[in-house]
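Using the numbering used here, you'd call the opening residue of the sequence shown number 1450 and step up by one each time. Working notes, structure below.
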Amino acid sequence: MQASNSPTLIPMPSWLTIPYLPLNGGTLAALVWGGLYVLLEPVAGTALALLCLGGAAGGNYALEQYDAAFVTKIAIGVHVVCWILQFIGHGKFEGRAPALLDNLFQAIFLAPLFVWLELLFMLGYRPELQARVEKDVQQEIAKYRQSKAKAAAKNGKAE
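Next comes the structure, spelled out in C-alpha cells:
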C-alpha cells in the first residue's frame, strides 16, 4: 500500500491506462513480483501475477476512493498482524523462525509463491511437482534438524 501512495512514476497516454493501475510503485511492484512468478512457474505464476495486479488495483482504488491516511493505517495494521501471525505459526507448527531470518530474498519474493503452490497442490495441481517440492522440503527440514542437534550437542544441551 505504501508503494501505491507514490505518484505515477511513468505517465501513460489515457488510451493505454488501465483503471486503477497507474504506473506507481505499487503497480510496478506487482509487475515485478508477478513477472518473477511467471518465470518460475508459468501457469501458477500467471494466476498469482493476476492476483498481485488485482491487489495493486484494489489498493489504488481504496487510496483514490477513501482517505489515503486511513487506508494506509489499515494496510500497515494488517501487514503487522500478518507478520506476527507468521512468527507465531512458524514457532508453533514448524518449531523454527521464519525464513526471513535466513534469507530475506526468499522470504519476500519466493514465500508467497510457495504458499500459492501449497494451495494449488491441495486442489490437485501438478502432483509430480508437489512430490519434488515435498522431497526437497523434507531434505531441508532434515538438514535443519541435524544442524540444530549438532549445535545443541556442541553447547552441551540435549533436545
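For every residue, glycine included, the Cβ atom is placed at its ideal position computed from N, Cα and C. Please read all numbers here as calculations on a predicted model, not as lab measurements.
How should residue i be labelled, buried or exposed, when 16 other C-beta atoms within 10 angstroms of its C-beta is the threshold for buried?
{"i": "P1491", "result": "exposed"}
{"i": "T1495", "result": "exposed"}
{"i": "L1658", "result": "This structure leaves residue 1658 out entirely; the chain is present only between 1450 and 1608."}
{"i": "T1457", "result": "exposed"}
{"i": "P1468", "result": "exposed"}
{"i": "N1473", "result": "buried"}
Roughly how many angstroms lie between the CA atoms of residue i and residue j, to the nearest whole one?
{"i": "L1488", "j": "F1563", "result": "14 Å"}
{"i": "A1598", "j": "M1461", "result": "57 Å"}
{"i": "G1540", "j": "A1546", "result": "6 Å"}
{"i": "Q1555", "j": "Q1514", "result": "34 Å"}
{"i": "N1604", "j": "Q1595", "result": "14 Å"}
{"i": "Q1451", "j": "L1559", "result": "21 Å"}
{"i": "I1459", "j": "A1601", "result": "54 Å"}
{"i": "N1509", "j": "S1455", "result": "10 Å"}
{"i": "V1530", "j": "G1475", "result": "20 Å"}
{"i": "G1526", "j": "W1532", "result": "10 Å"}
{"i": "F1536", "j": "I1523", "result": "20 Å"}
Just checking my contact of residue i with residue j at CB under 8 Å: how many whole Å lie between their CB atoms?
{"i": "A1505", "j": "S1453", "result": "7 Å"}
{"i": "G1483", "j": "L1502", "result": "6 Å"}
{"i": "Y1593", "j": "A1493", "result": "That pair is no contact at about 26 Å."}
So what's residue i in DSSP terms, helix, strand or just coil?
{"i": "G1544", "result": "coil"}
{"i": "M1571", "result": "helix"}
{"i": "L1458", "result": "coil"}
{"i": "L1497", "result": "helix"}
{"i": "P1491", "result": "helix"}
{"i": "D1551", "result": "coil"}
{"i": "N1509", "result": "helix"}
{"i": "D1516", "result": "coil"}
{"i": "Q1451", "result": "coil"}
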